[in-house]
Amino acid sequence: MRVQHKQTDFALEPLALALAFALAANSHAAWAQTPEENIVMAQNENTSGETKAADDGAKLPEVTVTASPIKQPDSTIFRRVDSNDVASLLADTPGVSLYTNGGASSLPVIHGMNDDRVKVVVDGMQRTSACANHMNPPMSYISSASVSGISLIAGLTPVSMGGDSIAGTISAASAPPVFAGSGEEMHTEGSIGAAYRSINSGSSLSASATVASKAVSLGYDGSVDKASSYKDGKGNLVRDTLYETRNNQLTLGIKGDESTFVIKAGQQSIPYQGFVNQYMDMVGNDANYINANYQSDYAWGRLDARIYGQDTNHTMGFFTSEKPGTMPMNTHGKDVGYDLHAEIPLSQQNTLRLGNEYHSFKLDDWWPALPMSMMMGPNTYENINNGKRDRFSLYAEMESKLDLRWTSLLGIRSDNVKMDTGTVQGYGCGMMCAADTAAAAAFNAQSRARADNNIDVTALARYEANQGSTYEFGYSRKTRSPNLYERYSWGRSQMAMDMIGWFGDANGYVGNINLKPEVANTLSATAKWNDIAQKDWKFAVTPYYTYVKDYIGVNKIATNANGTAQLQFINHDANIYGLDITSNAGLWDNSHGVGQVKALIGWMHGTRTDTGASLYHTMPLNARLSLEQNLSAWTNQVELQLLGRKSSVDPLRNEPATPGYSLFNLHTDYQMKNVRLDLGVTNLFNKYYSLPLGGVDIADWEANGSVGLPGAVAGAGRSLNVGATVKF
Ligand SMILES: [Cu+2]
């Protein structure tokens, strides 16, 4: 098992612990409100939790782990055969749900707060969706086959891992460099993986190779994922859910006695990706990135420095008869940033963490004139012209072991966010473009530069009453500044507005320069109980309450002739509360291997305070129950996924209510020394169901003449999924 270094550095100790030992032990003493905090490792050679000597040089903090005879099968392995979408690896994590976007890029929701409200880093690097529909979110830049670890912190995020987000933090990592071990002159290794999914004829191919000495390591990893549109439980095509993605990455690692330098450079190309719940599709996403990280130990502590950049060219249009159309749209985005983190053990009891981050995002978004079009021309429509969003952050955090039972964590963070954009223009087609021409003039006349000074605070305490019970509780104040589209989208024609929005709801959006940052005040607690030996059972419950001041929601400014809405971003306050429950219990440990049952239950409610209406994208009551068996090389799982009826819907967005449903999934994993075989059946009984966070099916609606309002997007029918990975 390899250890991803970003998380071991400035994560709290138990987080790193969980990362390394998630499979071997019940990580009983974790911050960040376990059960929400959840770590999964995807590229383990086995599930015994052995740490490979040849890791990237990251040093794990010394923590005593109570090994458990209950083997924790890594459900992530199962999830990887089911989907190439990295976000899907978080399916077993309490508090998180996914909303439908393209087939390679679903978007996360944590405790009812979606997308940009969640901080997402891949290999410690921050990327921004360079698209008015968020077709290229951060997690779309890595395939599930290439993920070596993914973690989630929901709710009370330590300030060292947060910033410019209010819901929580997702951190995904590709494999760190591998170096030659002792007694090895030269180390070479590699792997090839393949997966096939019947429901969309989806295929994933992945490969990795490393050649390394004790001090230098050069690695490659790449993947190609391709799928047709999937079918629902009635056998009908869910139009425009097809895609193809290609990822290539080189990793150079250099290891000294006290330091490690890692540089990753990569390229992504997505030739096409359908978006069932958007008006447009992706017809090209080409991104190049470089990401350098230096870690070193000094007498005073540990330094972690990172510098990174990405250049993204994104093209939207139409490519499939499943959702025909004509209209070109382009974006060009640039992310550049650095992170400096220092961890200073002041004493046995106190550890200080200091950090400074800078992140800059530049964006151009323009829609070239369409020749011969009456409405789309003669000028280029400039949606975002020279948009800028720069963030400069400082934080300090102290973790203190007060006595044998009490631990505290106190942190304060400042994020200074500066935004600006240039002047814009519409298509300029005359009478029919009058709304946009007037809106552009009004927009250009305004002063557009904005600066937000955001202060975040996190205060946590943990009380380990005894070996069988631990209590964690705390408060956090977290702040997110608006994104460029929320502040600077300006078009007022229906067509222009319909192009804006990452909600999959068929409505049109316009920005609001005077939006304020949204500030979440969260109170949360986790109580965990387990048997004293920590091997038979555990139960954890996490209630949470968040009051979001100036939540960035919408007001309706008009209803279109077809019934869809024209919405403008505005600040209003919101209340969100809920409960996460996780539990597992050992059932047997005998000649039939080790068996256990696991349960995960989530319930939440979110409303805006002024009208009492439900927030958009709130998850209905949901549960996952699984029975798992480990028997020598086999891991088997039967899973029942239960979703309640979604009746809390956002009326302003015409959000569809969806009926409750239950799905059965089967998985089996066979692990030999160098070969792993996976077999899965998802939606065993081929149930027809609507995705509660799927938005609306624009592709189907348009194919049937755009009559009435579009309905909910159907989920996938039964799929047989097979995968194999060979290491050498
Ligand atoms: Cu796009």
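Just so it is clear: in the sequence shown, position 375 is 1464 by my numbering, and no numbers are missing. No residue lacks a Cβ here, since even glycine has one placed at the ideal position from N, Cα and C. Every value quoted in this text rests on a predicted model; they were computed, and no experiment measured them.
Counting C-beta atoms within 10 angstroms of its own C-beta, Met-1275 has fewer than 16 neighbours from the protein chains shown and is therefore classed as exposed. According to DSSP, Ser-1482 shares a beta bridge with Glu-1446, Asp-1504. Leu-1714 places its beta carbon less than 8 Å from that of Leu-1729.
Boundaries of the beta strand (DSSP E) harbouring Trp-1692: 1682 to 1697, taken from the DSSP string.
For Tyr-1516, there is no enclosing alpha helix (DSSP H), since its DSSP letter is neither H nor E. For Val-1170, the secondary structure class from DSSP, reduced to helix, strand or coil, is helix. In the three-state scheme derived from DSSP, where H, G and I count as helix and E and B as strand, Arg-1537 is classed as coil. Secondary-structure assignment with DSSP links Tyr-1577 through no beta bridge to anything. Nearest in C-alpha terms to Ile-1646, of all of Met-1586, Asn-1374, Thr-1615, Thr-1611, is Met-1586. Shown in chain order are the residues whose CB sits closer than 5 Å to a heavy atom of ligand 1: Cys-1220, Asn-1222, Met-1224, Met-1405. Rounded to the nearest angstrom, the gap between the Cα atoms of Gly-1244 and Asn-1664 is 14 Å. Around the beta-carbon of Ser-1290, fewer than 16 other beta-carbon atoms lie within 10 Å, marking it exposed. In the three-state DSSP reduction, Arg-1566 falls in the strand class (E or B).
For Leu-1339 and Leu-1241, the gap between their C-alpha atoms comes out near 26 Å.
If one requires a minimum length of 3 residues, the beta strand (DSSP E) runs lying completely within the segment 1760 to 1786 are 1764 to 1771, in chain order. When the alpha-carbon of Asn-1711 is set against those of Ile-1670, Asn-1572, His-1681, Val-1643, the nearest one is in Ile-1670. For the pair Val-1643 and Leu-1741, the CB atoms are nearer than the 8 Å cut-off. Within the same chain, Cβ atoms closer than 6 Å to the Cβ of Lys-1507 are found at Asp-1479, Ala-1540, the five residues on either side in sequence being excluded. DSSP places Met-1418 in the uninterrupted beta strand (DSSP E) bounded by 1418 to 1434.
For the pair Asn-1601 and Ile-1473, the Cα-to-Cα distance works out to about 13 Å. In the displayed model, Trp-1790 falls within a helix according to three-state DSSP. Going by beta carbons, Tyr-1574 and Ala-1221 fall inside the 8 Å limit. Around the beta-carbon of Trp-1456, 16 or more other beta-carbon atoms lie within 10 Å, marking it buried.
Per DSSP, the continuous beta strand (DSSP E) segment holding Asp-1678 begins and ends at 1654 to 1679.
The residues Thr-1653, Val-1785, Ile-1787, Pro-1799, in chain order, have a CB closer than 6 Å to that of Ala-1595 in the same chain once the five nearest residues on each side in sequence are set aside. Under the 10 Å beta carbon count, Gly-1597 is surrounded by 16 or more other beta carbons and is classified as buried.
Closest in alpha carbon position to Ser-1795, among Glu-1553, Leu-1656, Ser-1232, Asn-1651, is Asn-1651. The criterion of a C-beta distance shorter than 8 Å is satisfied by Ser-1489 and Asn-1439. Ala-1622 sits in coil when the DSSP states are folded into three classes, being neither helix nor strand. Put simply, the backbone Cα of Leu-1780 is about 35 Å away from that of Ala-1524. Between the segment 1362 to 1372 and the segment 1398 to 1416, the count of Cβ pairs shorter than 8 Å is three or higher; the stretches touch.
In the DSSP assignment, Met-1405 falls within the beta strand (DSSP E) that extends over 1390 to 1406.
Of all C-beta pairs linking the segment 1290 to 1303 to the segment 1762 to 1777, fewer than three are shorter than 8 Å, placing the two stretches out of contact. Here DSSP, grouped into helix, strand and coil, assigns Phe-1817 to coil.
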